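Enquirer: Quick one: structure below, then a few questions.
Numbering (this note's numbering), first residue to last: 298 to 546.
Right, here's the structure in full:
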């Protein structure tokens, strides 16, 4: 490769199908070039971008490096000149402290690590490390998703999420399959498994709560979810939930 040939940095973005145009325009505006586009799992599309890396200001970096080395050398010399007296005074203080201070009692068993939540306690990211890790996943089909569903099946979980996809269940007009991701809604980023409320009626099954209950919900709405853990379908990459209460945030 010639010295003057451009070097590129690369970025891969997954978006909800149908929003590709808006996302491409955003990244192109920031200087990125669309390199490839492919259909991902479920309702997502994978977009690959690249852009030329900015040239590093070598002269500025060299000067900064020289300054850092000089500062370190000055510090070492200063330490060598004054180290003897400080060391002696420190040793004397340590001996005096050892003679006068009483020994610190050993830690009691009451300071042990907190126990796991009780079997009837709602699991949250704050009281269960496995659930916190589940919500932070970037790959919805990771093996840990099925392991968590098998271990905690039937338990109740509580988290903030957002509707990422929604469609009618079969031929029904008032029943839906609703896909929910962890965290706030975004067209370019996501986390957690593909949680799904399967075959639910918005009016009754979702058990909407809160001060302002909307007449309708849709893709992009942020939710606070309390739900019971159902089955996990590894083939469809769907983690089914049974609503306990749902609040639009």
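All C-beta atoms, glycine included, are put in the ideal place defined by N, C-alpha and C.
Given the structure is predicted, the values throughout are model-derived calculations rather than measurements.
Go ahead and pull the three-state DSSP assignment for residue 566.
Expert: Outside the displayed span of the chain (298 to 546) sits residue 566, for which this structure offers no information.
Enquirer: What residue from 303, 544, 462 and 343 has the CA that sits closest to residue 523's CA?
Expert: Position 226 of the chain shown, counted from the first residue, corresponds to residue 523. If we check each option's Cα against that of residue 523, 544 comes out closest.
Enquirer: Should the stretch 437-448 be regarded as contacting the stretch 524-531, the criterion being three or more beta carbon pairs within less than 8 Å?
Expert: Yes, the stretch 437-448 touches the stretch 524-531.
Enquirer: Counting Cβ pairs closer than 8 Å, one from the stretch 504-515 and one from the stretch 344-351, do we hit at least three?
Expert: No, the stretch 504-515 does not touch the stretch 344-351.
Enquirer: Would you list the residues sitting across from residue 336 in a DSSP beta bridge?
Expert: To locate residue 336, count along the chain shown from 1; it is residue 39. Residue 336 pairs with 342.
Enquirer: Shortest alpha-carbon distance to residue 437 belongs to which of 493, 417 and 450?
Expert: Taking the chain shown and counting its residues from 1, the one referred to as residue 437 is at position 140. Taking only the C-alpha atoms, the option nearest residue 437 is 493.
Enquirer: If you compare alpha carbons, which of 431, 350, 310 and 368 is closest to residue 490?
Expert: The count along the chain shown starts at 1 and reaches residue 490 at position 193. Comparing Cα-Cα distances from residue 490 to each of 431, 350, 310 and 368, the minimum goes to 431.
Enquirer: Have a look at residue 542 and residue 516 and give me their C-alpha separation to the nearest angstrom.
Expert: As a working note, residue 542 is residue 245 in the chain shown. As a working note, residue 516 is residue 219 in the chain shown. Their Cα atoms are separated by approximately 18 Å.
Enquirer: When the Cβ atoms of the stretch 446-454 are set against those of the stretch 466-478, are three or more pairs found closer than 8 Å?
Expert: Too few Cβ pairs lie closer than 8 Å, so no.
Enquirer: I need the straight-line Cα distance from residue 525 to residue 485, nearest angstrom please.
Expert: In the chain shown, counting from the first residue as 1, residue 525 sits at position 228. In the chain shown, counting from the first residue as 1, residue 485 sits at position 188. Their backbone Cα atoms lie some 28 Å apart in a straight line.
Enquirer: With a Cβ-Cβ cutoff of 7 Å, do residue 313 and residue 331 count as a contact?
Expert: To locate residue 313, count along the chain shown from 1; it is residue 16. To locate residue 331, count along the chain shown from 1; it is residue 34. Result no, Cβ atoms of residue 313 and residue 331 do not sit closer than 7 Å.
Enquirer: Whose C-alpha, out of 439, 319, 500 and 323, is nearest the C-alpha of residue 513?
Expert: Here residue 513 corresponds to residue number 216 of the chain shown, with the count starting at 1. The shortest Cα separation from residue 513 among 439, 319, 500 and 323 belongs to 500.
Enquirer: Unbroken alpha helix (DSSP H) runs of length 4 or more, entirely within the stretch 446-493: which are they?
Expert: Segments of the alpha helix (DSSP H) lying fully in the stretch 446-493: there are none.
Enquirer: Could you give the DSSP three-state label for residue 330: helix, strand or coil?
Expert: For the purposes of this step, residue 330 is taken as the residue at position 33 of the chain shown. Reduced to three states, the DSSP call for residue 330 is strand.
Enquirer: Can you tell which of 370, 374, 497 and 447 has the C-alpha that lies nearest to the C-alpha of residue 469?
Expert: For the purposes of this step, residue 469 is taken as residue 172 along the chain shown, with counting starting at 1. Of 370, 374, 497 and 447, the residue nearest in Cα terms is 497.
Enquirer: Below 8 Å on the Cβ atoms is my guess for residue 459 versus residue 518; work out the distance and round it to an integer in Å.
Expert: Residue 459 sits at position 162 when you count from the first residue of the chain shown. Residue 518 sits at position 221 when you count from the first residue of the chain shown. That belief holds up - the Cβ atoms of residue 459 and residue 518 are roughly 7 Å apart, short of 8 Å.
Enquirer: Measuring alpha carbon to alpha carbon, tell me which residue in 368, 546 and 335 is nearest residue 511.
Expert: Start at 1 with the first residue of the chain shown, and residue 511 comes out as number 214. Answer by Cα proximity: 546.
Enquirer: Can you tell me where the beta strand (DSSP E) with residue 423 in it begins and where it stops?
Expert: To locate residue 423, count along the chain shown from 1; it is residue 126. Taken as a continuous stretch (DSSP letters only), residue 423 belongs to no beta strand (DSSP E), as it is neither H nor E.
Enquirer: To the nearest angstrom, report how far apart residue 465 and residue 434 are at their CA atoms.
Expert: Within the chain shown, numbered from 1, the residue matching residue 465 stands at position 168. Within the chain shown, numbered from 1, the residue matching residue 434 stands at position 137. Those two C-alpha atoms are separated by around 27 Å.
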